[in-house]
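I have placed the structure first, in the form of structure tokens, so that the comments after it can refer back to it.
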Amino acid sequence: MRRRIHLLLALTAVVALVAGAGLIWFGAREDNDAPPSAPGTTPPPRAEPGRPAPPVPDAPATGAPPGSSGLGPAPATSAPGRTDCRVGPKLVPTCNVLWGAAPGAFTEARGARALAEYEERTGRTQAVYHAYHRGTNGLFPTEEEVRIAGDPARPRILFLNWKPWDASWAEIADGAADDYLDRLAAHIRDTYTEPFFFTVHHEPEEEVRPRRGSGYTAHDYRDMFRHVVGRLRARGVDNLVTVMVHMAYVPYTAAPWFADLYPGDDVVDWVAWDTYAYSERGEYGHGDFAELMNRVSGEAPDWPGFYNWAVARHPAKPLMVAEWGVWASHSNPGHQAEFYRSVGRQIADFPRIKALLHFDTPHDQRGRDSRPERTSDGLAAYRDLGRLPIFQVDVR
Numbered sequence: 001m002r003r004r005i006h007l008l009l010a011l012t013a014v015v016a017l018v019a020g021a022g023l024i025w026f027g028a029r030e031d032n033d034a035p036p037s038a039p040g041t042t043p044p045p046r047a048e049p050g051r052p053a054p055p056v057p058d059a060p061a062t063g064a065p066p067g068s069s070g071l072g073p074a075p076a077t078s079a080p081g082r083t084d085c086r087v088g089p090k091l092v093p094t095c096n097v098l099w100g101a102a103p104g105a106f107t108e109a110r111g112a113r114a115l116a117e118y119e120e121r122t123g124r125t126q127a128v129y130h131a132y133h134r135g136t137n138g139l140f141p142t143e144e145e146v147r148i149a150g151d152p153a154r155p156r157i158l159f160l161n162w163k164p165w166d167a168s169w170a171e172i173a174d175g176a177a178d179d180y181l182d183r184l185a186a187h188i189r190d191t192y193t194e195p196f197f198f199t200v201h202h203e204p205e206e207e208v209r210p211r212r213g214s215g216y217t218a219h220d221y222r223d224m225f226r227h228v229v230g231r232l233r234a235r236g237v238d239n240l241v242t243v244m245v246h247m248a249y250v251p252y253t254a255a256p257w258f259a260d261l262y263p264g265d266d267v268v269d270w271v272a273w274d275t276y277a278y279s280e281r282g283e284y285g286h287g288d289f290a291e292l293m294n295r296v297s298g299e300a301p302d303w304p305g306f307y308n309w310a311v312a313r314h315p316a317k318p319l320m321v322a323e324w325g326v327w328a329s330h331s332n333p334g335h336q337a338e339f340y341r342s343v344g345r346q347i348a349d350f351p352r353i354k355a356l357l358h359f360d361t362p363h364d365q366r367g368r369d370s371r372p373e374r375t376s377d378g379l380a381a382y383r384d385l386g387r388l389p390i391f392q393v394d395v396r
């Protein structure tokens, strides 16, 4: 055990040196480690009973004056033309697909600064801004997020992603976070009245501990999600548009507990999943957009692919890809642009998808880069993709 601890410490030090000033969270799990090629984000360290949760670094100040979004001038190339597509009830677009991003992930440059830089590089305003919040030390939306959403020239929809770590799922379901949830409800009522996307502990699959009494069973997650949404609604928060966000890693989707995670149609408005494309030929997840939407594996021959499963399992729910991206490769740099072009060709084959949100980072926990500008051809293809008519929705 001592030797293993020394090895983990050494590996952590190496990653910290590589990442530089980037923000990296490691969620050590001895009983349920994520497989090497699992997509998505590693959870932050969870608080143990009787110990405080690790602090969440504050987003850097933007220096924006009151009433300003802090985003500066509009991108040099904005979304083309006007569109008749709007957002309707539960933020479902009347036509087309919402385009959005989580910019600056795992870096210090989050918030308005990262969004402004991302929109300038990619040439258009994001219809959805995806932001992450951890623990119970802060309330959301923040002042900065309210400015981002309320920019009169470039309005955006917020997607606020909350991952509690101060208590187990079972404890939260039993009321351990109720004081925080009541403060959060009051803050939302006083701060923000527009509808916004909201999820609780995205990608729960990698955190499930099937052992009864662990506090992290699939049933515990279901009960926790229901409790959080029910508590906020009961305290007058009526602008939540709730999203169940899965990790679309095939061994997890084939697990016997997978179906037990779902909180129920009455507390879930959208169903989403996080999934990534891999650029190395022959690697798990290498392919085009159709492969990304319906990834299969020899380990689970009966699995139909996530899109096919979601369409059959949730026939009345709009579908969202809450995180996606292309992990770049030095040995196959052309794959990035090829993949973006495949999205444009194939997105119409998946009509139940109503939102597509890119996850933008120069380095995830394993040092992988999903930035469109990783290659010049990739950036050009991504800019072209964002200009396609199918991704134009008026969110005003």
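Start counting the sequence shown at 1; every next residue gets the next number (the UniProt record's numbering).
Think of the CB as a built atom: it goes at the ideal place given N, C-alpha and C, for glycine as much as any other residue.
Source: prediction; values computed, not measured.
{"Item": "Closest by C-alpha distance to Phe140, when choosing among Val237, Phe306, Met247", "Value": "Val237"}
{"Item": "Helix, strand or coil at Glu48 according to DSSP, with G and I counted as helix", "Value": "In this prediction, Glu48 has a pLDDT of 34, which is less than 50 and means its spatial position is unreliable; what the coordinates show is noted afterwards. In the structure shown, Glu48 sits in coil (DSSP, three-state: anything other than H, G, I, E or B)."}
{"Item": "Nearest residue (CA-CA) to His122, options Asp349, Gly100, Glu145", "Value": "Residue 122 is actually Thr in this sequence, not His. Minimum Cα distance to Thr122 is reached at Gly100."}
{"Item": "Glu323 - containing alpha helix (DSSP H), residue span", "Value": "It is not in any alpha helix (DSSP H) - Glu323 instead sits in the beta strand (DSSP E) that spans 319-324."}
{"Item": "Among Phe159, Val268, His335, Val296, nearest to His133 - alpha-carbon criterion", "Value": "Phe159"}
{"Item": "The region 329-339 contacting the region 310-317, beta-carbon criterion three pairs below 8 Å", "Value": "no"}
{"Item": "Where Arg313 falls, given that 16 or more other Cβ within 10 Å makes a residue buried", "Value": "exposed"}
{"Item": "Proximity of Tyr216 and Ala170 at Cβ, strictly below 9 Å", "Value": "yes"}
{"Item": "Cβ pair Asn161, His227 closer than 9 Å", "Value": "no"}
{"Item": "Ordered list of beta strand (DSSP E) runs contained in the region 131-169, each at least 3 residues", "Value": "157-163"}
{"Item": "Proximity below 9 Å, CB of Ala131 to CB of Phe359", "Value": "no"}
{"Item": "C-beta contact flag for Glu323 and Thr275 at 9 Å", "Value": "yes"}
{"Item": "Alpha-carbon spacing of Cys85 relative to Cys95, whole angstroms", "Value": "5 Å"}
{"Item": "Assigned secondary structure, Trp303 (DSSP; H/G/I helix, E/B strand, else coil)", "Value": "coil"}
{"Item": "Reduced DSSP category for Arg86 - H, G, I as helix; E, B as strand; rest coil", "Value": "strand"}
{"Item": "Complete beta strand (DSSP E) runs within the region 209-235 (minimum length 3 residues, chain order)", "Value": "none"}
{"Item": "Given Ala270 as reference, the closest of Asp190, Ala176, His246 once Cα atoms are compared", "Value": "For the sequence presented, residue 270 should be read as Trp rather than Ala. Among Asp190, Ala176, His246, the Cα nearest to that of Trp270 is on His246."}
{"Item": "Element boundaries [beta strand (DSSP E), containing Leu388]", "Value": "Note, Leu388: premise wrong, no beta strand (DSSP E); not H, not E."}
{"Item": "For Val395, three-class secondary structure by DSSP", "Value": "coil"}
{"Item": "Residue burial classification, Ser37 (beta-carbon count within 10 angstroms, cutoff 16)", "Value": "Note that Ser37 scores 35 on pLDDT, short of 50, meaning its location in the model is unreliable; the coordinates nonetheless yield the value given after this. The residue is exposed, with fewer than 16 neighbouring Cβ atoms inside 10 Å."}
{"Item": "Reduced DSSP secondary structure (H/G/I, E/B, other) of Thr375", "Value": "coil"}
{"Item": "Close beta carbons around Arg154, own chain, < 6 Å, minus the five adjacent residues each side", "Value": "Thr125"}
{"Item": "Nearest-angstrom Cα separation, counted from Phe350 out to Leu184", "Value": "36 Å"}
{"Item": "6 Å Cβ shell around Val229 - same chain, five flanking residues per side excluded", "Value": "Thr242, Val267"}
{"Item": "First and last residue of the uninterrupted alpha helix (DSSP H) at Gly344", "Value": "335-346"}
{"Item": "Sheet register partners of Met247 (DSSP bridge)", "Value": "Asp274"}
{"Item": "Leu357 - partner residues in DSSP beta bridges", "Value": "Gly100"}
{"Item": "Reduced DSSP secondary structure (H/G/I, E/B, other) of Pro93", "Value": "strand"}
{"Item": "Same chain only: Cβ atoms within 6 Å of Pro195, ignoring 5 sequence neighbours per side", "Value": "Leu91, Asn239, Val241"}
{"Item": "Nearest candidate by alpha-carbon position, reference Gly175, set Arg231, Arg281, Ile157", "Value": "Arg231"}
{"Item": "DSSP three-state assignment for Tyr129, whether helix, strand or coil", "Value": "strand"}
{"Item": "Span of the alpha helix (DSSP H) around Thr199", "Value": "No alpha helix (DSSP H) holds Thr199; the beta strand (DSSP E) holding it covers 196-200."}
{"Item": "Integer-rounded CB distance, given that Ala186 should sit under 8 Å from Thr136", "Value": "Actually they are not in contact, since the Cβ atoms of Thr136 and Ala186 sit about 14 Å apart, beyond 8 Å."}
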